[in-house]
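Asks:
Numbering (the working numbering), first residue to last: 740 to 1075.
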């Protein structure tokens, strides 16, 4: 490492340890069961008629910097509800909706990547997420991550059913040997689940986004690799459908490690629109000065919104951007 780069990294580390001042551009206030209150990886849905009495629902997994016994131990799916999408409520007695067992914690297993799906036909809210067991006896890194896609369902938003394993990534009938950041929509016309996901966790570049469909969430049709007219190596994604188009939010590990926006009419061929946000240490007082992560779009009661995973190097948080379209967003400041 040359001296210039070493000096830059040292200066960056010092800046990230300096606490931010409270400003008019604060993230959302979201408390969680861990006590660290560092939310991450949001999935948000909106229904103008309300779901169980509220228009907005969120799933997120706390990912606290400095969390013990290990950071991912707290990455359990937590559920919140709101009528305006800014002030969020939750149930202390029913969150998280799934937690690790003592043996799983001892093995440093973890949940991750929650995604909410609402079905008008069944009147059920579903939370899809990953469960990963570490196989410490396996030789070779690629064999260590035993991953399942699981889900829970609720008919009232409080009481959630038993955990269902819908995809075992180790089985031959799995859509993929690895599924990262699954984004799931229920298509009422097809009466099918539509899922987009990233196909590799170990690749340093050239990951792909894959599209699959299923009538029951367990048996999946043939894979289709989506195309992007401007390839940006995906890491964590979100796909939503509104205004007659599919909207892909792509967080990448490339270059500026920003949040990129693509649009599509068929869910397969996506066109690049713009980079929506990128972290920068030069934004000294920003809650996203260190890094961003998986973010999600939603069309709400007052326009289009983007909920963003963010970190200032001291703690993680979820911020909010809003506008008339995803191409015209501004950061929303939250009073704290």
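Yeah, the Cβ is synthetic: ideal placement off N, Cα and C, and Gly gets one too.
Within the stretch 833-913, note down every full beta strand (DSSP E) run reaching 3 residues or more, in order along the chain.
Replies: 849-858, 863-873, 884-893, 903-907
Asks: Taking C-alpha atoms, which residue in 820, 1070, 803 lies nearest to residue 785?
Replies: 820
Asks: Using only the alpha-carbon positions, how far apart do residue 816 and residue 979 sit?
Replies: 20 angstroms
Asks: Taking C-beta to C-beta, are residue 887 and residue 908 nearer than 8 angstroms?
Replies: yes
Asks: Among 897, 898, 892, which one has its Cα closest to the Cα of residue 904?
Replies: 892
Asks: Residue 795 lies in the beta strand (DSSP E); which residues open and close that run?
Replies: 793-799
Asks: Using a Cβ-Cβ cut-off of 8 angstroms (strictly less than) and excluding sequence neighbours within five positions of residue 868, which residues of its own chain qualify?
Replies: 798, 800, 816, 837, 850, 851, 852, 853, 854, 888, 889, 890
Asks: Going straight from the alpha carbon of residue 1002 to that of residue 952, what length do you get?
Replies: 19 angstroms
Asks: Does the Cβ of residue 975 have 16 or more other Cβ atoms within 10 Å, making it buried, or fewer, making it exposed?
Replies: buried
Asks: Mind reading off the beta-carbon distance from residue 778 to residue 1057? Whole number of angstroms is fine, and I expect it under 8 angstroms.
Replies: The C-beta separation of residue 778 from residue 1057 comes to about 5 angstroms, placing the pair in contact by the 8 angstroms criterion.
Asks: How far does the beta strand (DSSP E) with residue 764 in it reach, from first residue to last?
Replies: Counting along the chain, residue 764 sits inside no beta strand (DSSP E), nor does DSSP assign it H or E at all.
Asks: Given residue 788, which residues of its chain have a CB within under 6 angstroms of its CB, disregarding the five upstream and five downstream residues?
Replies: Correct list: empty, nothing qualifies.
Asks: With DSSP as the reference, identify every bridge partner of residue 1071, one or two as the case may be.
Replies: The partner list for residue 1071 (beta bridge, DSSP) is empty, contrary to what the question assumes.
Asks: Roughly how many whole angstroms lie between the Cα atoms of residue 924 and residue 933?
Replies: 5 angstroms
Asks: Measuring alpha carbon to alpha carbon, tell me which of 1059, 1052, 1028 ends up nearest residue 1043.
Replies: 1059
Asks: Check whether the Cβ atoms of residue 958 and residue 937 lie closer than 8 angstroms to each other.
Replies: no
Asks: Thinking C-alpha only, which one of 835, 1012, 945 is nearest residue 986?
Replies: Comparing Cα positions, the closest option is 1012.
Asks: Helix, strand or coil: which one does DSSP assign to residue 811?
Replies: It is helical.
Asks: Could you say which of 989, 875, 1021 lies nearest to residue 1046 if we only look at CA atoms?
Replies: 989
Asks: Round the Cβ separation of residue 1031 and residue 996 to the nearest angstrom and send it over; I've been treating them as touching at under 8 angstroms.
Replies: 7 angstroms
Asks: Are the beta-carbon atoms belonging to residue 968 and residue 991 less than 8 angstroms from one another?
Replies: no
Asks: Judging by CA-CA distance, which residue of 856, 872, 1017 is the nearest neighbour of residue 841?
Replies: 872
Asks: Note the first and the last residue of the continuous beta strand (DSSP E) segment covering residue 975.
Replies: 973-981
Asks: Would you kindly work out how many angstroms separate the C-alpha atoms of residue 856 and residue 1064, rounded to a whole number?
Replies: 22 angstroms
Asks: Measuring alpha carbon to alpha carbon, tell me which of 810, 770, 884 ends up nearest residue 828.
Replies: 770
Asks: Hey, how far is the Cα of residue 810 from the Cα of residue 775?
Replies: Distance from the CA atom of residue 810 to the CA atom of residue 775, rounded to whole angstroms, is 11 angstroms.
Asks: If you draw a straight line from the alpha carbon of residue 964 to that of residue 884, how long is it in whole angstroms?
Replies: 23 angstroms
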